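Working notes for the structure below.
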Amino acid sequence: MDFLTNSGVPISWYLILSAILFAIGASGFLIRRNIITVFMCIELMLNAVNLSFISFSYMWRQVDGHIITFFVMVVAAAEAAVGLAIILTIYRNRRTLEIDQINALKN
Amino acid sequence: MDLILFFLLAFVAVGCAINLVLQSHPISSAISLIGVMVSLAGLYLLLGAEFIAAAQIIVYAGAIMVLFTIVIMLLNSGKEAPGRMNNLSRFLGLPLLLVMVGLLAMVLVQVVPPTQEVKFGNFTGGGPADLGMLLFTKYVLPFEATSVLILVAILGAVVLALKEMD
């Protein structure tokens, strides 16, 4: 039990966790077709990158990574506001949330 | 203790993320995403980023996810229709994803020095005072640019909403 209570966690494990979360978010972005769920997968990818910023910040004992994470949060909030407004407008015009049916730019 | 907390939070985060991708109803996905964000806030605390952990809960799990759930409610978004994937992505998608994560993990383990260990309390530079000092000296220009970005985002959302009403 001494191993469990006293040892620290290698910093690469945090980075691997971040990579796993990013991969899950990217796969969800590719396979889901509801536009809101796709948007949530983008948020998941942003969160995964934030975790790696914080881990590198810990690794170098610098606060700069925290500041970048802070900016990413602000940009994500602005992006969510504009993106959801766009989703509302698309739904008003086309009455659907399936991204396969929203193909006005294709032809 | 660090190890136990890390594994607990990491399993919750990965489990909720997989649930997010697999659920067919958007509201279930939104609640799973809240789970991911809360467990990530716990990991930030373990890494000594107190202010970012609080901001994660308030901004992400609070503000942004409330916006998402309101839009899901407003559009009354139902279950997603069952997918039509081609055979290549159905059978090769998951193995290729695992290969990608495995390769990334291999590179990370080799590049990051194994002597670097995270112990709670070893790094205490993430408080509001340290962050504010850096934010208003070194990063004051990006900070001011952010205010313009938020203004533009508000204007964009209002313009899109006005177009809706016509």
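Residue numbers (numbering that gives the first Met the number 0), protein chains in the order written: chain A, 0 to 106; chain B, 0 to 165. Where a beta carbon is used, it is the ideal one built from N, C-alpha and C, also for glycine. Note that this is a predicted model, so its numbers are computed, not measured.
Can you give me, in chain order, the residues of the segment 131-164 of chain B that have a beta carbon less than 9 Å from any beta carbon in chain A?
-> Met132, Leu133, Leu134, Lys137, Tyr138, Pro141, Phe142, Thr145, Leu148, Ile149, Val151, Ala152, Ile153, Gly155, Ala156, Val157, Val158, Leu159, Ala160, Lys162, Glu163
Whole-angstrom C-beta distance between A/Tyr13 and B/Val117, which should lie under 8 Å | 7 Å
At 8 Å on the CB atoms, spell out the chain B contacts of A/Ala103, in chain order.
-> By Cβ distance, chain B contributes nothing, its closest Cβ being about 16 Å from A/Ala103, past 8 Å.
Residue of B/Leu87, B/Ala48, B/Val151, B/Gly120 minimising C-alpha distance to A/Asn5 | B/Gly120
By the 10 Å Cβ neighbour count, where 16 or more other Cβ atoms means buried, how is B/Ile69 classified, buried or exposed?
-> exposed
Contact residues within the segment 54-74 of chain A, judged by C-beta distance below 8 Å to chain B = Ser54, Ser56, Tyr57, Met58, Arg60, Gln61, Val62, Asp63, His65, Ile66, Thr68, Phe69, Phe70, Met72, Val73, Val74
Determine the extent of the alpha helix (DSSP H) in which B/Pro25 is found, giving its start and end residues.
-> 25-45
Have a look at A/Asp63, A/Phe38, A/Phe52 and flag the residue whose alpha-carbon is nearest the alpha-carbon of B/Met64.
-> A/Phe38
What did DSSP end up calling B/Val111 once you bin it into helix, strand or coil?
-> coil
Pick from A/Lys105, A/Ala22, A/Tyr90, A/Ala75: whose alpha carbon is nearest that of B/Ala54?
-> A/Ala75
Report the residue from B/Leu2, B/Asp129, B/Phe135 whose alpha carbon sits nearest the alpha carbon of A/Val62.
-> B/Asp129
Would you say A/Met72 and B/Tyr138 are within 8 Å of each other, going by their C-beta atoms?
-> no
Three-state secondary structure (DSSP) of A/Pro9 = strand
Does any C-beta atom of chain A lie closer than 8 Å to the C-beta of B/Ala60?
-> no
Can you check DSSP and say which residues form a bridge with B/Val117?
-> A/Val8
Interface flag, B/Val20 vs chain A, CB-CB below 8 Å = yes
What's the gap between the Cα of A/Ala80 and the Cα of B/Gly14?
-> 27 Å
State yes or no: is the C-beta of B/Leu74 within less than 8 Å of the C-beta of A/Tyr90?
-> yes
Any idea which residues DSSP pairs A/Glu46 with across the strands?
-> In the sequence as displayed, the identity of residue 46 of chain A is Asn instead of Glu. Bridge partners of A/Asn46: none, in fact.
Could you confirm whether any beta carbon from chain B is found closer than 8 Å to the beta carbon of A/Arg94?
-> no
Selection from B/Ser23, B/Tyr43, B/Thr136, B/Ala144 that minimises the alpha carbon distance to B/Thr123 = B/Tyr43
Could you confirm whether any beta carbon from chain B is found closer than 8 Å to the beta carbon of A/Met39?
-> yes
At what residue ranges does the segment 32-96 of chain A contain a whole run of the alpha helix (DSSP H), taking only runs of 4 or more?
-> 34-59, 63-93
Name the chain A residues whose beta carbon is nearer than 7 Å to that of B/Gly125?
-> Val62, His65
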